[in-house]
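In numbering that gives the first Met the number 0, the protein residues as written are 0 to 434.
From the three backbone atoms N, C-alpha and C, an ideal C-beta is built for every residue, glycine too.
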Amino acid sequence: MIDTHCHLDASEFDADRDAVVARALQAGLTGIIVPAVTANNFGAVREVCAHHPQCFPALGLHPVYAMQHQEGDLVTLKVAIQDESVVAIGEIGLDAWDKSVGLERQKHFFAAQLKLARDRDLPVLLHARHAVDEVTGMLRRFGVRRGIVHAFNGSRQQADKLINMGFKLGFGGAMTYPRALNLRRLAAQLPLESLVLETDAPDMSPVWAHGQRNLPEYLPGIAKEIAALREITPKALIAACIANTDEVFGPTHGEKSIFTRPPQKPGTAFPSPSIQKLVTAFPSPSPLRGEGRGEGKTHKTTRTKSEQLAILATFAKQMRLAPTEAEARLWYFLRNRRLNNRKFRRQHSIDKYIIDFICIDARLVIELDGGQHTDIMTHQNDVARTVFLEKCGLRVLRFWNDEVLQQTGAVLERILRALDTETPHPNPLTKGERR
Ligand SMILES: [Zn+2]
């Protein structure tokens, strides 16, 4: 079963996110859709989803944070959704209950995002609190016909309108409370083809976890509750909800279900949100300051975040092939930081091999691997390639993509150490040219 709305990137999960996902999968979940709420958390959402193949990112600007959103965030969103791993635009919508945020400002961002959804043919994940009619009207006006109204809480008439337009309605923890009469009636009576399941974790805990953190592993309990109200088996309810979820997300990917396809490689958008996050996490001066010889003398160390992003954008243009996220992250350091004052090349060819990175004057090659090779052929190729490179007098360092993404600092340290222990050899270039 699929949790169509779970804020897994939230700080409430920082301490035990992997365990939370593991327990959710154990409980029978096959997919978790993780919606963003501001441009600032696009990186975190993408990172969670890159790390867990069963998690799928939706990116959007939530109405409750409309005061924070900038015009530039819409541009960021437009660029970010070009990555095909993004399954929807969300969480977006209107919130008339939260009086601290002007409805006009909310509508401005909602409208712009509906246009994006329409132009890119992406489904939307909607937040409509005390604003179902306004949301419905805008969906109609912008011709958006595919998506989920998350945590639906409106009248039967409002539900019917949305269902007729092609939308599904999300039900979660709120309907498990005996006093939630309207929600329970809707969950019991709405057409089965219109329902999808969600937790909205860490918020909206079901009755059995009242006052505690909500978790995706509670989804089977919610399914059981809805099935009981409808007097059908949980199995039948879950099957219907999966089919409904597929209907929302399927066509984008031209397959029956995005949730049954093999795990996706981390996204290739560049500069990817997680790299943007890295830029923020490691503001200048370089985190390697003092470690490398001459570090800090040779490049400007007080770049602003936007200057750094501009540099990344230039890299993207210079790269002929879209890099994997790990490659892009490593390249950012090797190139921008001029690690240990050395010049690295990317995608350099030596004989019949194209190698990921090379520092020619240190005769050091860095290769990245996507994942454990299961077939013997690929493994033998790797060995042959390493033997060949070593015969050419090169040293080869190999890293897993995961390693680079999760332990960038340790990987850089190993590269630095290798640069420090190089065997001395005459350098044909004068010092100035070496940079
Ligand atoms: Zn939400």
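- Count the other CB atoms within 10 Å of the CB of Trp330; is the residue buried (16 or more) or exposed (fewer)? Taking the first residue of the sequence shown as 1, we reach residue 330 at position 331. The residue in question, Trp330, is buried, as its Cβ has 16 or more Cβ neighbours within 10 Å.
- If you draw a straight line from the alpha carbon of Pro437 to that of Asn380, how long is it in whole angstroms? Because residue 437 is not part of the residues shown, which for the chain are 0 to 434, the question remains open.
- Query: If you compare alpha carbons, which of Glu402, Val364 and Glu197 is closest to Tyr352?
  - Reply: The count along the sequence shown starts at 1 and reaches residue 352 at position 353. Checking every option, the nearest Cα to that of Tyr352 belongs to Val364.
- Taking buried to mean at least 16 other C-beta atoms within 10 Å of its own C-beta, is Gly169 buried or exposed? Taking the sequence shown and counting its residues from 1, the one referred to as residue 169 is at position 170. Burial call: buried.
- Query: Between the region 218–232 and the region 41–51, do at least 3 Cβ pairs fall closer than 8 angstroms?
  - Reply: no
- Enumerated in chain order, which unbroken segments of the alpha helix (DSSP H) with a length of 4 residues or greater are wholly contained in the region 346–395? 375–390
- When the Cα atoms are used, what is the spatial distance from Leu396 to Met203? Counting from one through the sequence shown, the residue named residue 396 turns up at place 397. Counting from one through the sequence shown, the residue named residue 203 turns up at place 204. Approximately 48 angstroms between the Cα atoms of the pair.
- Three or more beta-carbon pairs under 8 angstroms between the region 152–169 and the region 87–97, yes or no? no
- Message: Using only CA atoms, which one of Leu113, Pro62, Thr37 and Asp199 lies nearest to His129?
- Response: Taking the sequence shown and counting its residues from 1, the one referred to as residue 129 is at position 130. With distances taken between Cα atoms, His129 lies closest to Pro62.
- Item | Beta-carbon contacts of Thr37 that lie in its chain and below 8 angstroms, excluding the five residues immediately before and after | Reading the sequence shown from its first residue, position 38 is the one you call residue 37. Leu60, His61, Tyr64, Gln67, His68 and Asp72.
- Task: Tell me whether the beta-carbon of Gly30 lies closer than 8 angstroms to the beta-carbon of Ile1.
- Result: Counting from 1 along the sequence shown, the entry for residue 30 is found at position 31. Counting from 1 along the sequence shown, the entry for residue 1 is found at position 2. Going by C-beta atoms, Gly30 is nearer than 8 angstroms to Ile1.
- Where does Cys5 fall in DSSP's three states? Taking the first residue of the sequence shown as position 1, residue 5 is located at position 6. In this structure, Cys5 counts as coil in the three-state DSSP scheme.
- Message: Buried or exposed, going by whether 16 or more other CB atoms sit within 10 Å of the CB of Glu216?
- Response: As a working mapping, residue 216 is identified with position 217 in the sequence shown. Buried, since its Cβ has 16 or more Cβ neighbours within 10 Å.
- Item | Residues of its chain near Glu133, where Cβ-Cβ distance is below 6 angstroms and the 5 sequence neighbours each way are ignored | Working through the sequence shown from its first residue, we reach residue 133 at position 134. Excluding sequence neighbours, Glu133 sits near Leu93.
- Hey, how far is the Cα of Phe387 from the Cα of Glu83? The residue labelled residue 387 in the question sits at position 388 within the sequence shown. The residue labelled residue 83 in the question sits at position 84 within the sequence shown. Each residue's alpha carbon lies about 36 angstroms from the other.
- Use the C-beta contact count for Arg183: other C-beta atoms within 10 angstroms, 16 or more gives buried, fewer gives exposed. By 1-based counting over the sequence shown, the position of residue 183 is 184. The residue in question, Arg183, is buried, as its Cβ has 16 or more Cβ neighbours within 10 Å.
- When you compare only the Cα positions, how much space is there between Lys160 and Leu138? Taking the sequence shown and counting its residues from 1, the one referred to as residue 160 is at position 161. Taking the sequence shown and counting its residues from 1, the one referred to as residue 138 is at position 139. The straight-line gap from Cα to Cα measures roughly 11 angstroms.
- Item | Contact check, Leu194 vs Ala239, beta carbons under 8 angstroms | Position 195 of the sequence shown, counted from the start, is the residue given in the question as residue 194. Position 240 of the sequence shown, counted from the start, is the residue given in the question as residue 239. Contact: yes.
- Which runs of the alpha helix (DSSP H) fall wholly inside the region 164–210 and span at least 4 residues, in chain order? 180–188
- So what does DSSP say about Pro52, is it helix, strand or coil? By 1-based counting over the sequence shown, the position of residue 52 is 53. Reduced to three states, the DSSP call for Pro52 is coil.
- Message: I'd like to confirm the pairing. Which residues does DSSP put opposite Pro34 in its beta bridges?
- Response: Against the sequence shown, residue 34 aligns to sequence position 35. Partner(s): Ala57.
- Query: Which partner residues does Arg128 have in the DSSP bridge list?
  - Reply: Position 129 of the sequence shown, counting from 1, holds the residue named residue 128. Paired residue(s): Asp94.
- Closer than 7 angstroms: is that where the CB of Glu90 sits relative to any heavy atom of ligand 1? The count along the sequence shown starts at 1 and reaches residue 90 at position 91. True, at least one ligand heavy atom lies under 7 angstroms from that Cβ.
- Item | Where His107 sits in the DSSP three-state scheme | Translated into the one-based positions of the sequence shown, residue 107 becomes position 108. His107 falls in the helix class under three-state DSSP.
- Task: Grab the span of the alpha helix (DSSP H) containing Gly249 for me, first residue to last.
- Result: What you label residue 249 is simply residue 250 of the sequence shown in a count that begins at 1. First-last of the alpha helix (DSSP H) with Gly249: Pro233 to His252.
- Specify the secondary structure class of Gly71 as computed by DSSP and reduced to three states. Sequence index remark: in the sequence shown, residue 71 carries index 72 (1-based). Helix.
- Message: Once the 5 residues before and after Arg345 are set aside, which same chain residues still bring their CB inside 6 angstroms of it?
- Response: On the sequence shown, position 346 is the one that residue 345 refers to. Answer for Arg345: Trp330 and Phe356, listed in chain order.
- Task: Tell me whether Asp199 counts as near ligand 1, meaning its Cβ is closer than 7 angstroms to at least one heavy atom of that ligand.
- Result: Along the sequence shown, one-based indexing puts residue 199 at 200. Yes, the beta carbon of Asp199 sits closer than 7 angstroms to at least one heavy atom of ligand 1.
- Terminal residues of the beta strand (DSSP E) in which Ile147 lies: As a first step, residue 147 is located in the sequence shown; it is residue number 148 there, counting from the start. Ile147 -> beta strand (DSSP E) spans Gly146 to His149.
- Message: With a threshold of 6 angstroms on Cβ separation, who are the neighbours of Met174 within its own chain once the five nearest residues in sequence on each side are excluded?
- Response: Residue mapping note: residue 174 aligns to position 175 of the sequence shown, counting from 1. These residues qualify, in order along the chain: Leu182, Arg183 and Ala186.
- Are the beta-carbon atoms belonging to Leu113 and Val148 less than 8 angstroms from one another? Here residue 113 corresponds to residue number 114 of the sequence shown, with the count starting at 1. Here residue 148 corresponds to residue number 149 of the sequence shown, with the count starting at 1. Taking 8 angstroms as the Cβ cut-off, Leu113 and Val148 do not qualify as a contacting pair.
- Whole-angstrom distance between Arg328 and Lys167, CA atom to CA atom: Here the question's residue 167 lines up with position 168 in the sequence shown. Here the question's residue 328 lines up with position 329 in the sequence shown. Distance between the alpha carbons of Lys167 and Arg328: 38 angstroms.
- Item | As assigned by DSSP and simplified to three states, the class of Gly89 | For this step, residue 89 is matched to residue 90 along the sequence shown. Gly89 falls in the strand class under three-state DSSP.
- Message: Taking 6 angstroms as the limit between beta carbons, can you name the residues of its chain near Ala116, skipping five residues before and five after?
- Response: The residue given as residue 116 occupies position 117 in the sequence shown. Only Ile88, Val123 and Val143 meet the Cβ criterion.
- Reference Ala21; option with closest CA among Pro52, Asp199 and Pro34: Locating residue 21 in the sequence shown gives position 22, counting from the first residue. If we check each option's Cα against that of Ala21, Pro52 comes out closest.
- Query: Does any heavy atom of ligand 1 sit closer than 7 angstroms to the C-beta of Pro34?
  - Reply: Position 35 of the sequence shown holds residue 34. Yes - ligand 1 has a heavy atom lying nearer than 7 angstroms to the Cβ of Pro34.
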